[in-house]
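Chemist: Numbering (this note's numbering), first residue to last: 88 to 581. The C-beta atom is built at its ideal place from N, Cα and C for all residues, glycine as well. Attaching a single structure in structure tokens format; questions to follow.
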Ligand SMILES: *Cc1c(COP(=O)(O)O)cnc(C)c1O
């Protein structure tokens with residue numbers, strides 16, 4: 088028998104390994120266990136969807152001040168039954184707050200979450216394909232590029248276009264801004280003379296992106312807006328001329344294709360003309376509005392979208408996917424690559440394979456969720472036509488509401504271009520901001536539907552945004568009924 092120290096050490100390790108082998112066996116559940124979990128999750132989702140259909144869109148979290156119940160989340164050394172976790176999930180996560188899966192979610196920009204996407208997430212999690220680098224999984228990467236190309240074609244962008252599936256619109260905007268910065272070879276010494284032109288209505292994530300990209304010290308000019316909250320091209324031209332004359336460096340125009348606040352679409356063709364003439368980078372944030380381009384009747388409103396140097400769209404908004412999928416498209420993929428790639432020594436095998444673009448070289452992410460699969464499954468199982476039909480339906484529901492709410496006596500903003508509209512109770516001689524805040528509180532306390540408000544030029548407006556695939560006429564009628572009840576109940580002189 089070998090009694091050398093090394094052999095003893097080996098035997099000791101073998102004992103340890105056998106011991107841990109047993110103890111870790113539960114990490115690969117038996118087929119029966121897996122089946123049971125899937126059944127329980129299936130039952131939970133069925134019941135969730137059914138309750139979503141009949142239940143509230145919003146529930147304020149009620150905490151009894153006497154018997155204050157803290158969140159139940161905790162961990163133990165030993166595992167728990169799935170049924171217990173699902174109970175906890177239902178009580179603490181899926182009940183309080185906004186239910187984004189509800190058709191009654193008409194606030195902010197509603198989400199949704201079409202079910203095939205959940206199947207895609209499940210498959211992506213089980214197979215865990217690596218969608219960051221072509222060498223690791225050429226198929227997963229090719230699938231994501233296919234979806235990027237599909238979107239580039241959808242938006243009539245040229246074949247030089249490339250992009251990335253991101254976690255959402257904020258990161259997509261950040262990638263676009265850093266790409267613009269690098270493509271134009273902005274140097275630190277230029278930062279304070281650099282000018283970015285946008286709108287007071289552009290999304291706040293663009294302000295964040297500019298700051299994160301180091302452009303917080305640059306000048307962000309808010310171009311004057313017209314009566315529909317759209318950038319005025321004549322004012323933009325004047326600003327650029329003045330900035331050049333005074334020695335500043337005009338750099339980028341940011342247009343919005345559907346602002347979050349009012350759903351306004353900047354005059355994209357005019358902005359593209361100016362950007363071309365002045366040789367500025369033209370970025371379009373179409374996170375909310377982009378996919379309405381699929382609807383033939385709405386396409387003219389978005390005319391010029393294909394002329395962006397960089398374009399952001401959010402499949403978790405306009406394609407009704409669950410949260411976690413945004414996209415950035417860049418007209419010249421080389422510029423995206425030059426801004427985002429990195430070559431590390433330990434990646435040399437991957438780089439040598441020469442299999443084409445890798446998402447890891449087109450975004451800050453390396454290891455990432457295979458998010459293309461959820462989008463692909465939704466588009467495959469449903470086909471693409473239903474998405475444009477659903478978007479047309481949402482726009483029509485919003486327009487219907489815009490007309491009907493006036494019959495109740497509400498003042499309204501302009502006719503909605505897409506699926507966001509705003510309205511307020513404004514009888515003569517009252518404090519309108521206070522009264523509309525009160526109406527907002529009543530809507531939230533009721534909870535059947537969820538709306539949100541905004542302030543435009545000092546005035547409080549209530550917004551209605553239709554973008555959940557589950558929103559149907561009955562949710563719009565329920566909203567109108569609720570508003571009728573609330574205003575009938577208002578004291579005469581607030
Ligand atoms: C939602 C939205 C964003 C931010 O996107 P996220 O997916 O929430 O990160 C940016 N711009 C507009 C116009 C949006 O509606």
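Output needed for residue 160: all residues of its chain with C-beta closer than 8 Å, excluding positions within five of it in sequence on either side, in chain order.
Modeler: As a first step, residue 160 must be located in the chain shown, where it is residue number 73. Excluding positions up to five away in sequence, the list reads 175 and 179.
Chemist: Excluding the 5 residues preceding and the 5 following residue 534 in the sequence, name in chain order all residues of the same chain whose CB lies nearer than 6 Å to its CB.
Modeler: Here residue 534 is taken as the residue at index 447 of the chain shown, counted from 1. Counting only Cβ-Cβ distances below 6 Å, and skipping sequence neighbours, we find 143, 145 and 146.
Chemist: Using C-beta distances below 6 Å, list every residue in its chain close to residue 493, excluding the 5 sequence neighbours before and after it, in chain order.
Modeler: Translated into positions along the chain shown, residue 493 becomes position 406. Once the five neighbours on either side are set aside, the close Cβ partners of residue 493 are 499.
Chemist: Please indicate yes or no: does the CB of residue 260 lie closer than 7 Å to some heavy atom of ligand 1?
Modeler: Your numbering for residue 260 matches position 173 in the chain shown. Yes, the beta carbon of residue 260 sits closer than 7 Å to at least one heavy atom of ligand 1.
Chemist: With a threshold of 7 Å, establish whether the CB of residue 552 neighbours any heavy atom of ligand 1.
Modeler: Indexing the chain shown from 1 puts residue 552 at position 465. Answer for residue 552: no, Cβ out of range of ligand 1.
Chemist: Put residue 499 into one of helix, strand or coil per three-state DSSP.
Modeler: Start at 1 with the first residue of the chain shown, and residue 499 comes out as number 412. Note: residue 499 maps to strand in three-state DSSP.
Chemist: By Cβ distance, which residues of its chain are closer than 7 Å to residue 253, with the 5 residues on each side in sequence left out?
Modeler: Counted from its first residue, the chain shown places residue 253 at position 166. Cβ within range, chain order: 259, 262, 413, 414, 415 and 450.
Chemist: Relative to the C-alpha of residue 379, which residue among 353, 457 and 242 is closest?
Modeler: Within the chain shown, residue 379 is the residue found at index 292, counting from 1. Ranking 353, 457 and 242 by Cα distance to residue 379 puts 242 first.
Chemist: Give me, in chain order, the residues of the same chain whose beta-carbon lies closer than 8 Å to that of residue 166; leave out the 5 immediate sequence neighbours on both sides.
Modeler: On the chain shown, position 79 is the one that residue 166 refers to. These residues qualify, in order along the chain: 113.
Chemist: At a cut of 8 Å, does the stretch 393–404 reach the stretch 370–379 through at least three beta carbon pairs?
Modeler: yes
Chemist: According to DSSP, is residue 319 helix, strand or coil?
Modeler: Position 232 of the chain shown, counting from 1, holds the residue named residue 319. In this structure, residue 319 counts as coil in the three-state DSSP scheme.
Chemist: Would you say the beta carbon of residue 353 is closer than 7 Å to some non-hydrogen atom of ligand 1?
Modeler: In the chain shown, the residue the question calls residue 353 occupies position 266. No, Cβ of residue 353 sits at least 7 Å from all heavy atoms of ligand 1.
Chemist: Taking one C-beta from the stretch 351–363 and one from the stretch 388–398 each time, how about it: are there three or more such pairs within less than 8 Å?
Modeler: yes
Chemist: Check whether the Cβ of residue 198 lies closer than 7 Å to any heavy atom of ligand 1, and answer yes or no.
Modeler: Looking up residue 198 in the chain shown gives position 111. No, since every heavy atom of ligand 1 falls outside the 7 Å radius drawn around the Cβ of residue 198.
Chemist: Once you ignore the five residues that flank residue 216 on each side, which residues in its own chain have a CB closer than 6 Å to its CB?
Modeler: Locating residue 216 in the chain shown gives position 129, where the first residue counts as 1. Closer than 6 Å at Cβ, skipping near neighbours: 224, 227 and 457.
Chemist: Going residue by residue through the stretch 445–523, where are the continuous beta strand (DSSP E) segments of at least 3 residues, counting only ones entirely within it?
Modeler: 507–511
Chemist: Does the beta carbon of residue 372 fall short of 7 Å from some heavy atom of ligand 1?
Modeler: Numbered from its first residue, the chain shown carries residue 372 at position 285. Answer for residue 372: yes, Cβ within range of ligand 1.
Chemist: In the DSSP output, what is residue 372 paired with across the bridge?
Modeler: By 1-based counting over the chain shown, the position of residue 372 is 285. Beta-bridge pairing links residue 372 to 343 and 399.
Chemist: If you draw a straight line from the alpha carbon of residue 383 to that of residue 392, how long is it in whole angstroms?
Modeler: On the chain shown, position 296 is the one that residue 383 refers to. On the chain shown, position 305 is the one that residue 392 refers to. Those two C-alpha atoms are separated by around 14 Å.
Chemist: From what residue to what residue does the alpha helix (DSSP H) around residue 94 run?
Modeler: By 1-based counting over the chain shown, the position of residue 94 is 7. Per DSSP, residue 94 belongs to the alpha helix (DSSP H) from 92–110.
Chemist: Can residue 409 and residue 200 be called in contact, C-beta distance under 8 Å?
Modeler: Reading the chain shown from its first residue, position 322 is the one you call residue 409. Reading the chain shown from its first residue, position 113 is the one you call residue 200. Taking 8 Å as the Cβ cut-off, residue 409 and residue 200 qualify as a contacting pair.
Chemist: Can you tell which of 406, 486 and 495 has its C-alpha closest to the C-alpha of residue 472?
Modeler: Walking along the chain shown from the start, residue 472 turns up at place 385. Comparing Cα positions, the closest option is 406.
Chemist: Just reading off the alpha helix (DSSP H) that residue 220 is part of, what are its end residues?
Modeler: Here residue 220 is taken as the residue at index 133 of the chain shown, counted from 1. Per DSSP, residue 220 belongs to no alpha helix (DSSP H) and is neither H nor E.
Chemist: Pop quiz: residue 335 and residue 280 are said to be a contact at Cβ under 8 Å. What is the actual Cβ separation, rounded to whole angstroms?
Modeler: Position 248 of the chain shown, counting from 1, holds the residue named residue 335. Position 193 of the chain shown, counting from 1, holds the residue named residue 280. Contact between residue 335 and residue 280 holds, since their C-beta atoms are separated by about 5 Å, short of 8 Å.
Chemist: In this structure, how does DSSP classify residue 310 when only helix, strand and coil are distinguished?
Modeler: Taking the first residue of the chain shown as 1, we reach residue 310 at position 223. Coil.
Chemist: Report the option in 537, 525 and 268 whose CA atom is closest to the CA atom of residue 340.
Modeler: Counting from one through the chain shown, the residue named residue 340 turns up at place 253. Of the listed residues, the one whose Cα sits closest to residue 340 is 268.
Chemist: For the alpha helix (DSSP H) that residue 188 lies in, which residues bound it at each end?
Modeler: The count along the chain shown starts at 1 and reaches residue 188 at position 101. For residue 188, no alpha helix (DSSP H) run applies, since DSSP gives it neither H nor E.
Chemist: Classify residue 143 as helix, strand or coil using the three-state DSSP reduction.
Modeler: Along the chain shown, one-based indexing puts residue 143 at 56. Here residue 143 sits in coil by DSSP.
Chemist: First and last residue of the beta strand (DSSP E) that includes residue 549?
Modeler: Your numbering for residue 549 matches position 462 in the chain shown. Here the beta strand (DSSP E) through residue 549 covers 546–552.
Chemist: Hey, residue 505 and residue 385 are a contact pair by Cβ (cut 8 Å); roughly how many whole angstroms apart?
Modeler: Sequence index remark: in the chain shown, residue 505 carries index 418 (1-based). Sequence index remark: in the chain shown, residue 385 carries index 298 (1-based). Confirmed, about 7 Å.
Chemist: Are the stretch 462–481 and the stretch 207–222 in contact at 8 Å, needing three or more beta carbon pairs?
Modeler: yes
Chemist: Taking residue 183 as the reference, give the member of 148, 509 and 553 with the closest Cα.
Modeler: Residue numbering aside, residue 183 sits at position 96 when the chain shown is read from its first letter. The shortest Cα separation from residue 183 among 148, 509 and 553 belongs to 148.
Chemist: Which residue wins for smallest C-alpha separation from residue 274, given the options 301, 288, 256 and 285?
Modeler: Numbered from its first residue, the chain shown carries residue 274 at position 187. Nearest C-alpha to residue 274: 301.
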